[in-house]
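All remarks here apply to the structure that follows.
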Amino acid sequence: MIRPTAELTPAGTSYLATGQGHPVVLIHGVGLNKEMWGGQIVGLATQYRVIAYDMLGHGASPRPASGTALLGYADQLLELLDHLQLPLASVIGFSMGGLVARAFALHYPERLKSLVVLNSVFNRSEEQRAGVIARTAQAAEHGPDANAEAALSRWFSREYQAANPAQIAAIRQTLAGNDPQGYLTTYELFATQDMYRADDLGSIQAPTLIATGELDPGSTPEMAEQLAARIPGAKVAVLPEQRHMMPVESPRLVNQTLLEFLETAHARQNHIKGIVA
């Protein structure tokens with residue numbers, strides 16, 4: 001597959017698009033960028049039109065204004081879909097991207113074909129909340145890479161770190177290269193919005209998958225179960241022995257989970273449309 005060239009929307013969002021078929025949009029986590037999805041782009045583009053973009057304040061996309069709310073990040077996705085003239089898309093959000101995907105599902109349900117939330121947060125405990133607030137303060141004082149070593153230890157298995165030093169170094173460099181204000185604005189949302197409109201999650205009608213790793217310490221299986229319980233018909237997948245960055249560490253396993261969900265979800269929707277017709 002030829003590597004797609006990054007393009008820009010009128011508002012300046014940097015994105016990659018490749019493949020044919022139903023559009024699937026990938027939203028990365030805080031401190032990362034669209035490049036994290038290399039394994040998914042290769043694995044999904046044989047069946048879908050895959051679109052990966054840089055969130056506000058990340059990669060080559062514009063910096064958000066200080067105080068931008070989660071809705072502003074959902075609006076960025078809406079502008080991307082409008083630019084690409086896509087009335088419907090499946091949205092896959094990882095970590096912070098999962099919060100953006102949830103906000104998009106709540107604000108723009110008519111544009112959502114199906115929803116996947118990977119390794120994301122919901123209903124943090126007081127201890128978990130205190131930890132992420134402390135990391136926010138460290139980032140505010142020392143910059144985006146203040147927590148890099150601890151983050152990488154949470155995100156990847158020790159075996160993967162040892163076997164892939166160049167990739168780990170590249171991710172460390174990505175973290176360090178983030179715009180400080182853009183990173184901090186985004187991280188503050190990540191730290192505080194895990195219960196964003198939680199009482200409205202029951203209104204989500206799109207087929208939904210909530211997935212995480214068995215060993216993900218910040219986006220736990222318990223969080224996945226609690227979030228799925230709020231969304232009608234949502235499925236849960238807990239991938240054995242996986243940590244936070246499972247889309248990067250285990251792309252084949254994650255891709256298999258995504259492809260199975262997308263195929264089943266879309267087949268069910270098409271069946272329902274046929275009955276209604």
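Each residue of the sequence shown is one higher than the one before, counting from 1 in full-length UniProt numbering.
Beta carbons: idealized from backbone N, C-alpha and C, even for Gly.
Indicate the three-state DSSP secondary structure (helix, strand or coil) for residue i in the structure shown.
{"i": "L118", "result": "strand"}
{"i": "G21", "result": "coil"}
{"i": "Y53", "result": "strand"}
{"i": "A277", "result": "Unreliable placement is indicated for A277, whose pLDDT of 48 sits below 50; the coordinate value is still reported in the next sentence. A277: coil per DSSP, three-state reduction."}
{"i": "I27", "result": "strand"}
{"i": "Y187", "result": "helix"}
{"i": "E110", "result": "helix"}
{"i": "V225", "result": "Note that residue 225 is Glu in the sequence shown, not Val. Here E225 sits in helix by DSSP."}
{"i": "G218", "result": "coil"}
{"i": "I133", "result": "helix"}
{"i": "G93", "result": "strand"}
{"i": "G12", "result": "coil"}
In the DSSP assignment, the alpha helix (DSSP H) including residue i goes from what residue to what residue?
{"i": "R154", "result": "A148 to W155"}
{"i": "A163", "result": "R158 to A163"}
{"i": "residue 278", "result": "No information on residue 278 is available, as it lies outside the stretch 1 to 277 that the chain covers here."}
{"i": "G98", "result": "M96 to H107"}
{"i": "L201", "result": "From DSSP, L201 is part of no alpha helix (DSSP H); its letter is neither H nor E."}
{"i": "L71", "result": "L70 to H83"}
{"i": "E35", "result": "Run containing E35: none; DSSP gives neither H nor E here."}
{"i": "M246", "result": "M246 to E249"}
Just the C-alpha distance for residue i and residue j, rounded to the nearest angstrom, thanks.
{"i": "R3", "j": "D82", "result": "23 Å"}
{"i": "N123", "j": "S219", "result": "10 Å"}
{"i": "L239", "j": "E214", "result": "6 Å"}
{"i": "A45", "j": "A206", "result": "22 Å"}
{"i": "A277", "j": "D54", "result": "Since pLDDT at A277 reaches only 48, below the 50 mark, its modelled position is unreliable, and the value read off the structure follows with that caveat. Cα to Cα, A277 sits roughly 39 Å from D54."}
{"i": "Y196", "j": "Q47", "result": "33 Å"}
{"i": "N178", "j": "G21", "result": "33 Å"}
{"i": "A224", "j": "L118", "result": "9 Å"}
{"i": "V236", "j": "Y183", "result": "30 Å"}
{"i": "A151", "j": "D216", "result": "12 Å"}
{"i": "L246", "j": "A11", "result": "Reading off the sequence shown, one finds Met at residue 246, where the question assumed Leu. Distance between the alpha carbons of M246 and A11 is about 31 Å."}
{"i": "W155", "j": "L32", "result": "12 Å"}
{"i": "L112", "j": "A265", "result": "12 Å"}
{"i": "R243", "j": "A166", "result": "19 Å"}
{"i": "L84", "j": "A191", "result": "31 Å"}
{"i": "R49", "j": "Q173", "result": "29 Å"}
{"i": "A140", "j": "L99", "result": "21 Å"}
{"i": "Q40", "j": "E263", "result": "15 Å"}
{"i": "A229", "j": "T208", "result": "11 Å"}
{"i": "A267", "j": "A130", "result": "43 Å"}
{"i": "E79", "j": "L189", "result": "20 Å"}
{"i": "G143", "j": "Y187", "result": "11 Å"}
List the whole-angstrom C-beta distance separating residue i from residue j, where the pair is believed to meet the contact cut-off of C-beta under 8 Å.
{"i": "A89", "j": "V25", "result": "5 Å"}
{"i": "A176", "j": "I210", "result": "With a Cβ gap of about 31 Å, A176 and I210 do not count as contacting."}
{"i": "S120", "j": "V30", "result": "11 Å between Cβ atoms; not a contact."}
{"i": "V91", "j": "L258", "result": "Contact doesn't hold; Cβ gap of about 12 Å is too wide."}
{"i": "L201", "j": "I168", "result": "The Cβ separation is near 35 Å, so there is no contact."}
Taking buried to mean at least 16 other C-beta atoms within 10 Å of its own C-beta, is residue i buried or exposed?
{"i": "G59", "result": "buried"}
{"i": "S125", "result": "exposed"}
{"i": "D199", "result": "exposed"}
{"i": "residue 286", "result": "No information on residue 286 is available, as it lies outside the stretch 1 to 277 that the chain covers here."}
{"i": "T185", "result": "buried"}
{"i": "T5", "result": "exposed"}
{"i": "A137", "result": "exposed"}
{"i": "R158", "result": "exposed"}
{"i": "S14", "result": "buried"}
{"i": "G43", "result": "buried"}
{"i": "E241", "result": "exposed"}
{"i": "F261", "result": "buried"}
{"i": "R102", "result": "buried"}
{"i": "Q256", "result": "exposed"}
I want to check one thing, is the minimum distance from the CB of residue i to the heavy atoms of the ligand ZN below 6 Å?
{"i": "A69", "result": "The model on display carries no ligand, and the ligand ZN is accordingly not part of it."}
For the beta strand (DSSP E) that residue i lies in, which residues bound it at each end?
{"i": "T212", "result": "T208 to G213"}
{"i": "A237", "result": "K235 to L239"}
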